[in-house]
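**Student:**
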Amino acid sequence: MKLETERLHIVPCTEEWIQIADNQGYNSGPHIVGHIENVKRDAASLPWGPWYVIRKEDDVVLGDIGFKGKPNEQHTVEIGYGFIEKYWNKGCATEAVSELMKWAFQTREVETIIAETLLDNYSSIRVLEKLHM
1 MKLETERLHI VPCTEEWIQI ADNQGYNSGP HIVGHIENVK RDAASLPWGP WYVIRKEDDV
61 VLGDIGFKGK PNEQHTVEIG YGFIEKYWNK GCATEAVSEL MKWAFQTREV ETIIAETLLD
121 NYSSIRVLEK LHM
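Here the UniProt record's numbering is used: the first residue of the sequence shown is 1, the next is one more, and so on.
#1: Straight-line CA distance for G49 to A104?
#2: For T14, report the span of its alpha helix (DSSP H) as first-last.
#3: According to DSSP, what are the bridge partners of D64?
#4: Please classify Y122 as buried or exposed, where buried requires at least 16 other C-beta atoms within 10 Å of its C-beta.
#5: Can you check whether the CB of L62 is closer than 8 angstroms to the CB of C92?
#6: So, at 7 angstroms on beta carbons, what are the nonlocal neighbours of E109 in its own chain, with the 5 sequence-adjacent residues on each side left out?
#7: Where does T112 fall in DSSP's three states?
#8: Does DSSP classify T76 as helix, strand or coil?
#9: What are the boundary residues of the alpha helix (DSSP H) that includes N38?
#10: Grouping DSSP H, G and I as helix and E and B as strand, with all else coil, what is E6?
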């Protein structure tokens, strides 16, 4: 499973991708490690966790985006994202989050996508504004 945009590949976080990201010096946080453990118990949860965002031109991991679990009974998921600082303000987050949202709505399991950000995280607020969230 892989999503693709003009500049990016977006792949679910797997043990293989964690190793690739770690080899590049990317800090795969505890949310990714915890997700892998969850996938071992429930393989269907793979797409409802973190995904790596990879630049097509050189396969560099720019950050990770993803959902904070499967859709709930109201068909709602929460999305989150984080990028290496040198890739901020280049449109990558907007491009990646938009593509992942499109995928989620196409599954027909999702009717609503929500997101939260800190009041002083202006770059993240801008991403959400661009996506009409």
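Ideal placement from N, C-alpha and C gives every residue a C-beta, glycine not left out.
**Tutor:** So, from the listed chains and residues:
#1: Here the alpha carbons of A104 and G49 stand approximately 12 angstroms from one another.
#2: Here T14 belongs to no alpha helix (DSSP H), and DSSP marks it neither H nor E.
#3: Partner(s): Y52 and G82.
#4: Its Cβ having fewer than 16 others within 10 Å, Y122 is exposed.
#5: Yes, the Cβ-Cβ distance between C92 and L62 is below 8 angstroms.
#6: Taking C-beta separations shorter than 7 angstroms and ignoring five residues to either side along the sequence, the partners of E109 in its chain run P71 and H75, following chain order.
#7: Here T112 sits in strand by DSSP.
#8: Three-state result, T76: strand.
#9: Per DSSP, N38 belongs to the alpha helix (DSSP H) from P30 to R41.
#10: In the three-state DSSP reduction, E6 falls in the coil class, being neither helix nor strand.
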